[in-house]
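**Q**
Residue numbers (the working numbering), protein chains in the order written: chain R, -7 to 273; chain G, 176 to 995.
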């Protein structure tokens, strides 16, 4: 497995990286951990002339408290997201989802921002980021801008990040004290999820936020279920009735692991399970 | 049983850690891909994206102009020197066998077939240039799937006029080994039970850890080929037979090889192309496939549709079994190709006393990757069919699946037993293995839990699956192979070299690729010859060192190669005894040999085998009627197969809401005769179980209608890891049924776990939901298939394909792709 020859750039600042992107445009790809990019290069599914590695930009790593939000640097690894005390306290759902990404080796290499910017609809972090109302801080030649999660995911492997821009950090509004669960359905442990449900609930149940993985071309919210759950009591029957609405508006793929109707069935069942576990029932 | 009983057996039976593991695990060893020779060039293959197409033109100019490209060659650049890929086992005299060029010049017959090769100074440059080779194809209709192939509407090879390659038949009434199966079925239809089922053995990919790799050095007196192969000796023979190079001018080396599972029991187009290129350019060349190429173009395994009719009386005593197989060979008939399903012919009757039996195997050609041996090769398919059916019969009769087996199996007093398929089983004790497995498994408690969950209507249901398997292994008696028209024998060769310093080199023709030969064979020699384990070196895999051999597959190395070794060691001892008598000035009849020392009975005089080795080397003083050497060779041809057996019990939990399945407990009690190294056996059993479980639950190679491999990476071809399996409960009977046809009393174990486990798992999954109206789930039992099977009748899950109990003409259910 040998990639097509490419030039390798290792900027040490965001500005330098943006400048390199501006210079090479479409010919460049960002390397942000490489757990998806390298297989793509090795299988020659893509052949950029330049690879810009963000691994040397220390300002992109780390997690900090910023008042009503926590801020996760784009180059923070899944492993660090999973284990961080701020994440566990204020965005437990992210910690739970990060723990389910691929396998341990990948979690130590792959990055939070890299995975979100890659926007694989089967990726484990889009649904929880969407459910938590994440805000994406994107830097470009003209400065930075912030994009809401609902606008960030555009399509399969497509986000609001422009060709000359870099995702630098993600702000997660604090959900302190919310229960959370990430229910992932796979056939083998290291597999991409066939379907997964990210659920976080306040109380039992004042408010529920539910994200769906791999139920369409982007992460989706299970809005109808969320509405049915708001103010409901966390009984098994009540939650399951609300969960029966989870597949509304979804458009999942059909492949070797499951036809679309089966995935919709899974979304309903798994939503019920995720919410019950998040609510501690 | 054996001569070993009157020797102190210090090594046999000992949990020796494998002496080869350090280098294999750390990688500080020689694999084919890390061999680098002066001036070596690298190859990249250009492969057809189409399953069936005429090659109209190949433009190599751009590739040739690419940096450091030395040559770009296609099929028409070669003549006879390219050789052909051979089928060594034509199963019938009228078998239709398509010509198989390693690199066809005119027409490709499967997606992934090589049409051109790029030679460059580095592997990266070769790969870059391969993308510049411009091949124009005219696409032809492709035939994919057994059902389509049988229709003969679209032909995989138009020149053959049909896709049907051969029909191989065994009938017990014709063979004189049993009665007429049609009569038994007719009787059962009026007065007993007839169970008809169609089962699918999905296509699998061996997926060995080390991709295939080949290096050819044409610069010496002998042309040397290093290859990641299971079969260096057969490879050498085939190169000589097909490329016109004298065998004496060919040296083949299988260095350390990273797994095979049958997938490296092949002579490959890529080896032949590398051979031809190296000779053409007079330069060493290397080719190592990518994982994508490996999944696409290394041979696949299994791929059968089985139509099965089991007749029994009302008590569940089987009266007849009729089997019709359709087996997909893929685009070409590979080296053992059609012989793989035929190996199953003798095993559908398994451990049972069926009075009548008929087996038919129709092989077909399709425009897909060619198929061949995969761990178990024919026997897993047979075991799956009969063990699934025995569970179905038990359900029909309304008795426990173990009870129905007991009503039909050969009892331990009845050995040796000649089966309805004509084999003589020498030993076995199915009662003992079953009793031990049942106890270790906690059978009764799990049945009670199952009952309780059913009554409670639990969301998670529990099922228990049984597989009481046997197999024929230790391939193979050469005369039997001859009677089946197989192209070679089944003997094995061993040499023992007594070195001057008293150390021992043994040479085996069985070429290890992960099995642990070096350790187990050292243990055998240490015991038999009375030398320290550490003093024994095992050499193999290089035709200059191991000049004779038939390699490693079919659980043969220990039972055939080990026996050859024992016989060679015994010859060494005989020679040494003669020398010892001479040196001790004693009569040979007065010598005892224990723990590596000859002693004169009744005295303290003696001489060690090491002293004798040195004496033979110095040759200053030895008998006149003796050559000054203790070395010895032996070639052993087995007189029979051997028949390991076991009882495997599996408990599976099925989530009825999602169809997800989870293994709860797995117990196997294998009776494999005398065990040389329990640790190695445990490794073989654990690995074998996982491979068989993976067929039941995860693995499936899928082609789309155009013949494109959909499951072309490990994202879609699901291999389990340790995270997906549980710790198995591996036990053995207290008193093994010793093999009576070899000195050590051993039976093969390399394939046992794989053969046994697949039906145990599927039986357990079906058992968990049988009360919901399910009696079959197609492999692999994906959550979706399980869920659809459960809900097939309640309108919740609309699909007819997940479970298809009875077969009817024109209603083949599992041909196309995933069947979803």
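The C-beta atom is built at its ideal place from N, Cα and C for all residues, glycine as well.
(1) Could you tell me whether any Cβ in chain G is nearer than 9 Å to the Cβ of residue 257 (chain R)?
(2) Can you tell me whether residue 938 (chain G) is buried or exposed, with buried defined as 16 or more other CB within 10 angstroms of its CB?
(3) Straight-line CA distance for residue 457 (chain G) to residue 464 (chain G)?
(4) Identify whether residue 29 (chain R) lies in helix, strand or coil by the three-state DSSP scheme.
(5) Looking at C-beta atoms only, is the number of pairs between the segment 187 to 201 of chain R and the segment 196 to 204 of chain G that lie closer than 8 Å three or more?
(6) With DSSP collapsed to three states, give me the class of residue 164 (chain R).
(7) For a cutoff of 9 Å on Cβ pairs, would you count residue 221 (chain G) as touching chain R?
(8) At 7 Å on the CB atoms, spell out the chain R contacts of residue 895 (chain G), in chain order.
(9) If we ignore side chains and look at the alpha-carbon of each, how far apart do residue 270 (chain G) and residue 803 (chain G) end up?
(10) Are the C-beta of residue -2 (chain R) and some C-beta of chain G separated by less than 9 Å?
(11) Take residue 399 (chain G) and list the residues in its own chain whose beta-carbon comes closer than 6 Å to its own, dropping the five residues that flank it on each side.
(12) Under 8 Å: do the segment 659 to 672 of chain G and the segment 805 to 814 of chain G share three or more Cβ pairs, one atom per stretch?
(13) Applying the criterion that 16 or more other CB atoms from any shown protein chain within 10 Å of the CB defines a buried residue, is residue 200 (chain G) buried or exposed?
(14) So what does residue 21 (chain R) bridge to, in DSSP terms?
(15) Return the CA-CA distance between residue 655 (chain G) and residue 596 (chain G), expressed in angstroms with no decimal places.
(16) Return yes when the Cβ of residue 736 (chain G) is within less than 9 Å of the Cβ of residue 689 (chain G), no when it is not.
(17) Going by alpha carbons, who is nearest to residue 309 (chain G) out of G:968, G:454, G:290, G:432?
(18) Pick from R:80, R:248, R:221: whose alpha carbon is nearest that of residue 57 (chain R)?
(19) Roughly how many angstroms lie between the CA atoms of residue 99 (chain R) and residue 263 (chain R), to the nearest whole one?
(20) Does the beta-carbon distance from residue 785 (chain G) to residue 700 (chain G) come in below 9 Å?
(21) Mind reading off the beta-carbon distance from residue 843 (chain G) to residue 472 (chain G)? Whole number of angstroms is fine, and I expect it under 8 Å.
(22) Can you list the alpha helix (DSSP H) stretches of 4 or more residues lying completely in the segment 507 to 539 of chain G, in chain order?
(23) Going by beta-carbon coordinates alone, are residue 827 (chain G) and residue 641 (chain G) separated by less than 9 Å?
(24) For chain R, is any of its Cβ atoms less than 9 Å away from the one on residue 974 (chain G)?
(25) Just the chain R side, please: which residues come within less than 7 Å of residue 891 (chain G) by C-beta, in chain order?
(26) Can you give me the C-alpha to C-alpha distance between residue 252 (chain G) and residue 246 (chain G), rounded to a whole angstrom?
(27) List, in order along the chain, the chain R residues whose C-beta lies closer than 8 Å to that of residue 959 (chain G)?
(28) Which residues in the same chain have their Cβ closer than 7 Å to the Cβ of residue 346 (chain G), if we skip the five residues on either side of it in sequence?
(29) Taking only the alpha-carbon atoms, compute the straight-line gap between residue 53 (chain R) and residue 22 (chain R) and give it to the nearest angstrom.
(30) For residue 841 (chain G) versus residue 932 (chain G), is the C-beta spacing smaller than 9 Å?
(31) By the 10 Å Cβ neighbour count, where 16 or more other Cβ atoms means buried, how is residue 213 (chain G) classified, buried or exposed?
(32) Return the first residue and the last residue of the beta strand (DSSP E) that residue 482 (chain G) is part of.
(33) Between residue 833 (chain G) and chain R, is there a C-beta pair that is closer than 9 Å?
(34) Quick one, which residues of the segment 202 to 215 of chain R are near chain G if we go by CB-CB under 8 Å, in chain order?
(35) So, under 8 Å CB-CB, residue 324 (chain G) and residue 635 (chain G) are touching, yes? Tell me the CB distance rounded to an integer number of Å.
(36) Looking at the strands, I want to know which residues DSSP matches up with residue 712 (chain G).
**A** So, from the listed chains and residues:
(1) yes
(2) buried
(3) 22 Å
(4) helix
(5) no
(6) strand
(7) no
(8) 180
(9) 53 Å
(10) no
(11) 392, 426
(12) yes
(13) exposed
(14) R:43
(15) 13 Å
(16) no
(17) G:290
(18) R:80
(19) 25 Å
(20) no
(21) Actually they do not touch by this definition, with Cβ atoms about 34 Å apart.
(22) 514 to 518
(23) no
(24) Bear in mind that a pLDDT of 43 at residue 974 (chain G), under 50, signals an unreliable position, so the number given afterwards is only what the model happens to contain. For residue 974 (chain G), the answer is yes, since a Cβ of chain R falls inside 9 Å of its Cβ.
(25) 248
(26) 11 Å
(27) 249, 250, 251, 254
(28) 533
(29) 16 Å
(30) yes
(31) exposed
(32) 475 to 487
(33) yes
(34) none
(35) That pair is no contact at about 41 Å.
(36) G:680
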